[in-house]
Amino acid sequence: MKLTGSQIIAEILLEHDVHQVFGYPGGAALNVYDALYEYKDQIRHVVTAHEQGAAHAADGYSRATGKTGVVFATSGPGATNLVTGLATAFMDSVPMVAITSNVPDALIGRDAFQEICITGVTMPITKHNYFVNKIEDLPMALHNAFRIAKSGRKGPVLVDVTKDVTAQTLDYKPGKYEMPDDEQPVVDIDTVKKIADMINSAKRPVIYLGGGAGNSGAADQVNEFAAKAHIPVAHTLMAAGIIGYENPLNLGILGMHGTVASNKAMDRADLLIALGTRFSDRVALNPKKFARKATKIQVDIDRSEINKNVIVDYGINSDVKDFLLKIMPYIEESDRKEWMTEIDELKKIPGDKRCGGGELFPSEIVETVCDKTDKDTIYVTDVGQHQMWAAQYLKHKSTDKFLTSGGLGTMGYGYGAAIGAQIGCPDKRVVHFTGDGSFHMNLNEGCTAVSYDLPIITVIMNNKVLGMVYQWQTSFYGERYSCTDLDRKTDFAKVGKGFGVKTFTATSQKEFEAAFEQALKAKGPVWIDCHIDKEERVLPMIPPGGTTDDMIIG
Amino acid sequence: MAFQREVVSIFVDNQANVLSRVVSLYGRRGFNIDSLTVSATNNPEVSRITIVFHGDEQTLDQIISQTEKLEVVRDVFRLTPDESVFRELLLMKVVVGKESRSSLKEIVDIYRGKIIDLSKESLIIEMTGEPGKLDAFMEMMSCYDVVEVCRTGMTAIGRGLRK
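Sequences listed follow chains H and L, in order.
Using my numbering, the letters of the first sequence map in sequence onto residues 7 to 560.
Using my numbering, the letters of the second sequence map in sequence onto residues 174 to 336.
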């Protein structure tokens, strides 16, 4: 059957079970959008206010549903606007396929209107990318894009198609496309036994759990493993929820704003078992002194992560789930009484919750939201203080319910991601935590939330400063508040109304509770502007390069 | 720790942009490469890249494991000095009149180089060998009026049949 390049794109999306895409049309993408019109009963396209929002939406959709997120954009600025979204997905290993259109092949390399070499631009922030200027190459480029995005360590892939290719025709037979998965690394059983022996004889072991464990679908195995061997678990931001909040083995978040228990336990451990994590500088703040007494075991599906940031004693190139399934039979049950008594003592040291004045406190906002929402709720954050407060005070219960930009730390990630999550999970509640700084970046997506009737509740922790940087300036820069004490006059309630969003302003806990109750009943999007004190801080904190000895608790 | 010279051979798909993918990776990961060569092989679908750098075990491991993640890379392996042949080509232009020409030719002969171009006031020397030999030759020639040098960078191949 003769199909145009654009029709082939649509057919291949269907072959990969993609029925939901995000994007923004444009000149070079006209043919592609014409085909999307033709396929609109099978492929739903959500138009955002800005391509960045579309990229974050595809990312949020993927994180919430586990499927590959797909985003479309036109050439030039359309494509470059995807960059932050792709980089966000790349740093957090989120499977995404971006399909961009470029100018016709005859104009490539001539600085044509809206021409950009997006494959060059995105080379460092995609797992791979394709420039397609021959229609014969189109089907395989698209199939491979889906394969690469989902295989091994997941991530974004971009396919750039010239406009002429989107119009040309090719004999193409649509059907279910079967593509062999990439080979998985295999860990040998002798190594597994050796590691099991080390775990069985360890007195003070700690599991250092990262996002890779979630990506590997290993939540059940992690829980079983930790329970059987009775090993406390310190998790990264990306691994929030894999070990339930109420599990006594859960030490909480690790690293710069981690709990006292997590960081101290890591410092005292004799054995460290790192599962799907990269010893990032926000966790191994001082790579030479991180878990300094521990023998270190690192399990990662990406071989290049082993020994990248911290030199370990045993590097195991394996999928986390695979590894845990293999090692489980060799793990002896244990109660590790002494170690757990010590852990319980560590857990009693909290960080300060209230640092500023006023009548509304970030910890209480997060706790209220958590208490008033059900267990299936998806929480999405932007980046900054509110992100850390959400991470610290939410009672995380499962792995795909906390969407946050951990690696890249993208302010402005939240609203787009919340839109993607809500589109992907229409029956679940989505709450978006943001700060006034982050929200100013991409609140334009308010129009998208209204257009598609998305009942996302946005909780704005508004302290009128760029809080995280402000906090660093307070602690490390002698209170020299360079460009952070903005005191913007934005009235988010009015701005939201302009978009057609239902809005509330809260200056006290009581007002917030009332507003949130109302928000839960609303049909469309809601913004709650919460005025908090600018002196609120995220605690505990270990300064960059520091160790647990340098921890600031209050 | 003294960094030692490492030679790594990379088999890549012979297609557009492959070299820039590899080079871009080294640039952004901060890997310092001493030399990089790329050429066709007996298989038209495959090109071969040879890189030389100085680094410790961790750098070597990172370069290999990051490189093998690239979709266009088919194989990456280390070539050790004992089990490989390393070669480089040098072209050198020297200003020399007839009075010192024969003494210069003596040096070139000792190093088993060739004089491949000759004019009244200059000549061009061609030499292949281990990079160390070319270094030594250049040092030897420093008392002459060397006006241009071009070296290809190292290319390398393992001895015997690879397992």
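No residue lacks a Cβ here, since even glycine has one placed at the ideal position from N, Cα and C.
The structure presented is a predicted model; accordingly, all values stated were derived computationally and were not measured.
Straight-line CA distance for V386 of chain H to D40 of chain H?
So the alpha carbons of these two residues sit roughly 33 Å apart.
Which same chain residues, not among the five before or five after T416 of chain H, have their C-beta less than 7 Å away from its C-beta?
T90, T94, V389.
Beta-carbon proximity of C453 of chain H to A55 of chain H, cut-off 8 Å:
Yes.
Counting only Cβ-Cβ distances shorter than 8 Å, please list the residues of the region 120 to 140 of chain H near chain L, keeping chain order.
Only T125, G126, M129, P130, K133, H134, F137 from the region 120 to 140 of chain H bring a Cβ to less than 8 Å from some Cβ of chain L.
Using the C-alpha atoms, what's the distance from F329 of chain H back to Q190 of chain H?
Roughly 12 Å between the two C-alpha positions.
Name the residue from L:L263, L:L252, L:V219, L:T253 whose alpha carbon lies nearest to the alpha carbon of F310 of chain L.
If we check each option's Cα against that of F310 of chain L, L:L263 comes out closest.
Would you verify that the beta carbon of S197 of chain L is, or is not, closer than 8 Å to some beta carbon of chain H?
Judged by the 8 Å Cβ criterion, S197 of chain L is in contact with chain H.
Inspect the beta-carbon positions of A70 of chain H and G426 of chain H and report whether they are closer than 8 Å.
Cβ atoms of A70 of chain H and G426 of chain H: closer than 8 Å.
Neighbouring residues, chain H, relative to S238 of chain L (Cβ below 7 Å)
By Cβ distance, chain H contributes R309, S310.
8 Å Cβ cutoff met for Q477 of chain H and V372 of chain H
No, Cβ-Cβ distance for Q477 of chain H and V372 of chain H is not below 8 Å.
Excluding five sequence neighbours on each side, which residues of the same chain lie with their C-beta closer than 6 Å to the C-beta of D459 of chain H?
If we look at D459 of chain H and ignore the five residues flanking it on each side, its Cβ neighbours are G530.
Is the beta carbon of C536 of chain H less than 8 Å from the beta carbon of L400 of chain H?
The Cβ atoms of C536 of chain H and L400 of chain H do not sit closer than 8 Å to each other.
Taking only the alpha-carbon atoms, compute the straight-line gap between I279 of chain H and V212 of chain H and give it to the nearest angstrom.
Roughly 6 Å between the two C-alpha positions.
Give the straight-line distance between the Cα atoms of V100 of chain H and G333 of chain L, rounded to the nearest whole angstrom.
Going from the Cα of V100 of chain H to the Cα of G333 of chain L covers about 43 Å.
With a Cβ-Cβ cutoff of 8 Å, do V59 of chain H and Y67 of chain H count as a contact?
Checking the sequence, you will find Gly at residue 59 of chain H rather than Val. No; because the gap between Cβ atoms is not below 8 Å, this pair is not in contact.
Chain-ordered neighbours of D194 of chain L on chain H, where CB pairs are closer than 8 Å:
One detail in the question is off: residue 194 of chain L reads as Arg in this sequence, not Asp. Per Cβ cutoff of 8 Å: M129.
Selection from H:F439, H:T490, H:D358, H:L215 that minimises the alpha carbon distance to H392 of chain H
Distances from the alpha-carbon of H392 of chain H to those of H:F439, H:T490, H:D358, H:L215 put H:F439 closest.
Give the interface partners of D186 of chain L over in chain H, defined as CB-CB distance under 7 Å, in chain order.
The premise fails here: D186 of chain L is roughly 11 Å from chain H at the closest Cβ pair, so nothing lies under 7 Å.
In the DSSP assignment, the beta strand (DSSP E) including A280 of chain H goes from what residue to what residue?
277 to 281 is the span of the beta strand (DSSP E), which, as asked, contains A280 of chain H.
Does DSSP put S238 of chain L in a helix, a strand or coil?
Here S238 of chain L carries a helix assignment [DSSP, helix/strand/coil].
Within 10 angstroms of the Cβ of C562 of chain H, are there 16 or more other Cβ atoms? Answer buried if so, exposed if not.
Residue 562 of chain H lies beyond the stretch modelled for chain H, which goes from 7 to 560, so this question has no answer here.
Contact between the region 137 to 148 of chain H and the region 196 to 214 of chain H: three or more CB pairs below 8 Å?
With the cut-off at 8 Å, the region 137 to 148 of chain H and the region 196 to 214 of chain H do not touch.
Using a Cβ-Cβ distance cut-off of 8 Å, determine whether I154 of chain H contacts chain L.
So, interface residue.
Can you confirm whether I105 of chain H, when its beta carbon is compared against all beta carbons of chain L, has any partner nearer than 8 Å?
I105 of chain H does not count as touching chain L.
Where P368 of chain H falls: helix, strand or coil (DSSP)
Reduced to three states, the DSSP call for P368 of chain H is helix.
Applying a beta-carbon distance threshold of less than 7 Å, which residues of chain H neighbour K266 of chain L?
Proximity of chain H to K266 of chain L at the Cβ level (cut-off 7 Å) is not reached, the minimal Cβ distance being about 35 Å.
Which of helix, strand or coil DSSP assigns to I463 of chain H:
Residue state, collapsed to three classes: strand.
Name the residue from H:A297, H:G502, H:S81 whose alpha carbon lies nearest to the alpha carbon of G552 of chain H.
Answer by Cα proximity: H:A297.
Within 8 Å of any Cβ in chain H, is that where the Cβ of K278 of chain L sits?
Chain H has no Cβ within less than 8 Å of the Cβ of K278 of chain L.
What does the alpha-carbon distance come out to for the pair K179 of chain H and K8 of chain H?
Answer to the nearest angstrom: the Cα atoms are 8 Å apart.
Proximal chain L residues relative to N313 of chain H, where beta-carbon distance stays under 7 Å
Neighbours of N313 of chain H on chain L, chain order: Q231, D234.
Could you please give me the residues that DSSP links to N108 of chain H through a beta bridge?
Its beta-bridge partners are H:T168.
Taking C-alpha atoms, which residue in H:G282, H:L472, H:D319 lies nearest to G441 of chain H?
When only C-alpha atoms are compared, the closest one is H:L472.
When we look at the beta-carbon of A112 of chain H and count the other beta-carbons within 10 Å, is it buried (16 or more) or exposed?
Result: exposed.
Can you tell me the Cβ-Cβ gap for G418 of chain H and I538 of chain H, rounded? I've got them flagged as a contact below 8 Å.
Contact annotation, G418 of chain H with I538 of chain H: C-beta distance approximately 20 Å; criterion of less than 8 Å not satisfied.
Quick check: the Cα distance between D47 of chain H and N108 of chain H, rounded to an integer number of angstroms?
Straight-line Cα distance between these residues: approximately 26 Å.
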